[in-house]
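Novice: These protein sequence lines map, in sequence, to chains G and B.
Start counting the first sequence at 171; every next residue gets the next number (my numbering).
Start counting the second sequence at 49; every next residue gets the next number (my numbering).
Note that CB positions come from ideal geometry on N, CA and C, so glycine has one too.
All values derive from a computational prediction rather than experimental measurement.
A single structure is presented below for examination.
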Amino acid sequence: MYDVFLMIRRHKTTIFTDAKESTTVYDLKRIVEGILKRPPEEQRLYKDDVLLNDSQTLGNCGFTNQTARPQAPATVGLAFRLSDDSFEQLRMEPFSTPPELPDVMKPQDSGSTANEQAVQ
Amino acid sequence: MSDGEERACEGPDSMYVKLISSDDHEFIVKREHALVSGTIKAMLSGPGQFVENETNEIKFREIPSHVLSKVCEYFTYKAQHTNSSTEVPDFPVSPEITLELFIAANFLDC
């Protein structure tokens, strides 16, 4: 059974975690509960803008080991229940923007490996 | 780096730690993944000198979210492929973040 790698995102919070394709949406909510202390009943999880059903498996939702890899995890949206029994809008704050590339660094060709980070 | 705010969090054996970027994005990663970074490892397990050991949160005042998110992806990637016998795919880095990522990696010792 394959591992899927996810970023669960809400506002300015991102949780990096992994699960199996057979993990259910409800199981994932339990993981979120352990971290953010909100029970599954107060969570909604989304793939893109589609609300996910508790009983579905992550694989069935479209999270596979091809689309959810360690170096490129898939994004799961998270929304919490508000106090008046409605849920907040799904919102994920975008990350910061990198500076623009200087002209000399703009790619002339593709597939160059010169930018790979050296690992100690 | 030892003037992190006091916040309620799990104890020193928590499974997850929180890394906070300069623009206040909070990245929650598995503790064992974050320990890929020598610097983070020292902050979290050193003998009581760093308040991060208590709160399990580290604020990086100079690392923006688009870089810190990439660092977190690297932690997962490294943990997954260390001691793996399968072919290891490349770790993709777009040119725009290369310099900042290098500076962060240098600071984080990973």
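(1) Could you tell me the boundaries of the beta strand (DSSP E) in which Glu263 of chain G lies?
(2) Whose Cβ in chain B lies nearer than 8 Å to the Cβ of Glu263 of chain G?
(3) Would you mind telling me which residues of chain B sit closer than 8 Å to Phe186 of chain G, beta carbon to beta carbon, in chain order?
(4) Please state the DSSP three-state secondary structure of Thr187 of chain G.
(5) Using alpha carbons as the reference points, say which of G:Ile178, G:Arg239, G:Pro210 lies closest to Lys217 of chain G.
(6) Any beta carbon of chain G sitting closer than 9 Å to that of Ile234 of chain B?
(7) Taking Cβ positions, are Leu248 of chain G and Thr183 of chain G nearer each other than 9 Å?
(8) Which residues bound the alpha helix (DSSP H) around Thr227 of chain G?
(9) Applying a beta-carbon distance threshold of less than 7 Å, which residues of chain G neighbour Glu135 of chain B?
(10) Can you name, in chain order, every residue of its own chain whose Cβ lies under 7 Å from the Cβ of Ile111 of chain B, other than the five neighbours on each side?
(11) Using the beta-carbon of each residue, which ones in chain G are nearer than 7 Å to Ser117 of chain B?
(12) Could you tell me whether the stretch 75 to 83 of chain B touches the stretch 223 to 238 of chain G, using the rule of 3 or more Cβ pairs below 8 Å?
(13) Under a CB-based cut-off of 9 Å, is Phe139 of chain B close to chain G?
(14) Please report the Cβ distance between Glu121 of chain B and Pro268 of chain G, rounded to the nearest whole angstrom; I am assuming they are in contact, meaning their Cβ atoms lie under 8 Å.
(15) Which residues in chain G sit within 9 Å of Ser113 of chain B, going by Cβ to Cβ distance?
(16) Name the chain B residues whose beta carbon is nearer than 7 Å to that of Lys271 of chain G?
(17) 9 Å is my cut-off, CB to CB: does Ala90 of chain B come that close to chain D?
(18) Quick test of the definition: if touching needs 3 or more C-beta pairs under 8 Å, does the stretch 128 to 136 of chain B touch the stretch 251 to 260 of chain G?
Specialist: Answer, in terms of the structure:
(1) The sequence position of residue 263 of chain G within the first sequence is 93, counting from 1. Run containing Glu263 of chain G: none; DSSP gives neither H nor E here.
(2) For the purposes of this step, residue 263 of chain G is taken as the residue at position 93 of the first sequence. By Cβ distance, chain B contributes His73.
(3) For the purposes of this step, residue 186 of chain G is taken as residue 16 along the first sequence, with counting starting at 1. Going along chain B in sequence order, the residues near Phe186 of chain G (Cβ under 8 Å) are Phe75, Ile76, Val77, Lys78, His81, Cys120, Glu121, Phe123, Thr124.
(4) As a first step, residue 187 of chain G is located in the first sequence; it is residue number 17 there, counting from the start. Three-state DSSP puts Thr187 of chain G in a strand.
(5) Stepping through the first sequence from its first residue, residue 217 of chain G is reached at position 47. Of the candidates G:Ile178, G:Arg239, G:Pro210, the one whose C-alpha sits nearest the C-alpha of Lys217 of chain G is G:Ile178.
(6) No information on residue 234 of chain B is available, as it lies outside the stretch 49 to 158 that chain B covers here.
(7) Taking the first sequence and counting its residues from 1, the one referred to as residue 248 of chain G is at position 78. Taking the first sequence and counting its residues from 1, the one referred to as residue 183 of chain G is at position 13. For Leu248 of chain G and Thr183 of chain G, yes; Cβs fall inside 9 Å.
(8) Taking the first sequence and counting its residues from 1, one reaches residue 227 of chain G at position 57. In the DSSP assignment, Thr227 of chain G falls outside any alpha helix (DSSP H) and carries neither an H nor an E.
(9) Your numbering for residue 135 of chain B matches position 87 in the second sequence. Neighbours of Glu135 of chain B in chain G, taken as residues at a C-beta separation under 7 Å, are lacking, since the least C-beta distance is about 13 Å.
(10) Locating residue 111 of chain B in the second sequence gives position 63, where the first residue counts as 1. Cβ within range, chain order: Ser69, Ser70, Ala152.
(11) For the purposes of this step, residue 117 of chain B is taken as residue 69 along the second sequence, with counting starting at 1. What Ser117 of chain B touches in chain G: Thr184, Phe265.
(12) No, the stretch 75 to 83 of chain B is not in contact with the stretch 223 to 238 of chain G.
(13) Against the second sequence, residue 139 of chain B aligns to sequence position 91. Phe139 of chain B belongs to the set of residues whose beta carbon lies under 9 Å from a beta carbon in chain G.
(14) Taking the first residue of the second sequence as 1, we reach residue 121 of chain B at position 73. Taking the first residue of the first sequence as 1, we reach residue 268 of chain G at position 98. The Cβ separation is near 15 Å, so there is no contact.
(15) What you label residue 113 of chain B is simply residue 65 of the second sequence in a count that begins at 1. Neighbours of Ser113 of chain B on chain G, chain order: Lys182, Thr184, Glu263, Pro264, Phe265, Ser266.
(16) Along the first sequence, read from residue 1 onward, the residue named residue 271 of chain G stands at position 101. Per the sequence presented here, residue 271 of chain G reads as Leu, with Lys not at that position. Contact annotation for Leu271 of chain G against chain B: Pro143, Glu144 [CB-CB distance below 7 Å, chain order].
(17) The structure shown contains no chain D; the protein chains it does contain are G and B.
(18) The stretch 128 to 136 of chain B makes no contact with the stretch 251 to 260 of chain G: fewer than 3 CB pairs, one atom from each, lie closer than 8 Å.
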